[in-house]
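Worksheet: one structure, shown below.
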Amino acid sequence: MMMDRKESPAIQWDGEQLILLDQRLLPLEALYITYSDVEEVGLAIRDMVVRGAPAIGVTAAYGVVLAAKNRLGCSVCGVWRAALEDDLDELAQARPTAINLHWAIERMRALLDTPEKGLVERLTQEAETIHQEDINACKTMGKLGAAYIEEGSGVLTHCNAGALATGGYGTALGVIRAAWAENRLSAVFADETRPWLQGARLTAWELIQDGIPTSLLADGASSWLMKQGKVQWVVVGSDRIAANGDVANKIGTYTAAIAARHHGIKFMVVAPTSTIDRNVATGDEIPIEVREADELFACSNGGRMAAENATGWNPVFDVTPASLVDLIVTERGVVENPTAEKIAALFQ
Ligand code: MRU
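Using numbering that gives the first Met the number 0, read the sequence shown as starting at 0 and increasing by one per residue.
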C-alpha cells in the first residue's frame, strides 16, 4: 500500500521499503530517503529524520517489517528469531521518551509466532494497520477537541504535533485543522520551539500549506501573548502520558501550562491512547531525553552563536502535571481534569 503524500507526508511504505521525509531539511528542502535496513531506521529516529511520538511509532512498525525481511532472507542466520528479537530491542533504544516507539514494537513483536512462511506479509499488514489507525485516531481527536473551542478563539501550540509528527493529519494540529474548518478560530500562534525549531520550521510550514495563517513567536513570548488576551486555548501533543494524567511533551510545554493557568487559559493535550503508558504511575517515572548540548549552541543552519566555552543542558522534554491539564483528548474520548481513575476508564 502506498499512501497519498498529502495524507501521510512524513512516512510512506512502497510495499518493499520505507520512505521518510527528512524533516531536518524542512522547510527549505523536501528530501525523501529510502530505507531497507532496520538499523538505519533506528538511526533515522535517533537523528530526527522522523520525529513526533506517533510518527516514530509508525516508523518503528515498518522498521520491524524490514528487520524480519532481512533476517528471514539470510541463509546463514539459522537463528533468525533471536537475531530479530535483538533488532527489535536495539530499535527500541532509538529515543527514550516517546512511548509510541515501544508500543508499536511490542505490538509487532506479539506477531512473531506467525508461521515463517507468512510472517513478513502479516507484519506488513500490521504496520499498515498501525499507520492507518493513527490517521483515523487523529481525525477523530480533531473533531472531539475542536468541539471544545469556542467560536472566535485564539490558540497557541508548541512544537510540531501535526501530519509530520503522526501517521497523518496530526494530534494538536488535527484539532486546529478541524477547528479552523468549523470557523472557530480567530488566530493560530506557534512557539518557535528551541532548539530544533519544530514550530518555526514544521508547524508553520504545515499550517500555511493548508491555508491556516500562523504567527510565530519566541518561546519566551508565550506568557506575554496570553497576557494580551489573544489566546483562549493552548493545544499540544504528547510523547507519553502517565497513568495519572501527567503529560510529557516538548521542553517548554510545562512553562506554557503554568502561564496558561495563571492567565485563566485552557490547556488541551491531544494524543492517541498509544501515547498513554499505564506502566508509569506518574510523570516522575517518565525518562526524559537529554540530547547533546551542541544543539543549543547553533541556529539550525548556521555556525556556533553561543559564547566559546559556554556549557549547556539540553533536556528535550518536560512533564506537565495533570493538575495543570484541562483536557486530554484521545480517540476513545475526552478526559476532563484528568485523574488516574478517569484515564483507567478509557481502557475499560
Ligand atoms: O523531539 P520531537 O520533535 O520528536 O518532539 C515532538 C514532540 O514533542 C511532539 O509535541 C509530540 O511528539 C507529540 S506529536 C503528535
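Beta carbons are placed, not taken as given, at the ideal position from N, Cα and C, and that holds for glycine.
Membership of glutamate 89 in any beta strand (DSSP E) is not indicated; the residue belongs instead to the alpha helix (DSSP H) covering 79–90. By the beta-carbon neighbour count (other beta carbons within 10 angstroms, threshold 16), lysine 116 is exposed.
Ranking Arg4, Arg176, Gly151 and Tyr147 by CA distance to the CA of alanine 160 puts Arg176 first.
Secondary structure note for lysine 5: it is in no beta strand (DSSP E), with a DSSP letter that is neither H nor E. Taking C-beta atoms under 8 Å as the contact rule, proline 194 and asparagine 313 qualify, at a distance of about 7 Å. The ligand MRU approaches glycine 51 closely enough that one of its heavy atoms is under 7 Å from the residue's Cβ. According to the DSSP assignment, aspartate 190 belongs to no alpha helix (DSSP H) but to the beta strand (DSSP E) extending over 184–190. Every unbroken stretch of the beta strand (DSSP E) spanning 3 or more residues and falling wholly within the stretch 241–326 is given here in chain order: 246–249, 265–269 and 316–319.
DSSP places tryptophan 179 within a helical segment (H, G or I) once states are collapsed to three.
Not one heavy atom of the ligand MRU is found less than 7 Å from the C-beta of tryptophan 312. Spanning the alpha carbons of glutamine 22 and methionine 47 requires a straight line of approximately 7 Å. 8 Å or more divides the Cβ of alanine 103 from the Cβ of threonine 274. Cβ-Cβ separation between alanine 199 and glutamate 205: approximately 12 Å, too far for a contact (criterion under 8 Å).
Between threonine 252 and serine 221, the alpha-carbon positions lie close to 10 Å from each other. Proximity of the stretch 234–250 to the stretch 258–276 meets the contact definition, three or more beta-carbon pairs being nearer than 8 Å. Put simply, the backbone Cα of isoleucine 18 is about 13 Å away from that of histidine 130. Distances between the C-beta of tryptophan 195 and the heavy atoms of the ligand MRU include at least one below 7 Å. Beta-bridge pairing by DSSP links leucine 19 to Ile10 and Ile32.
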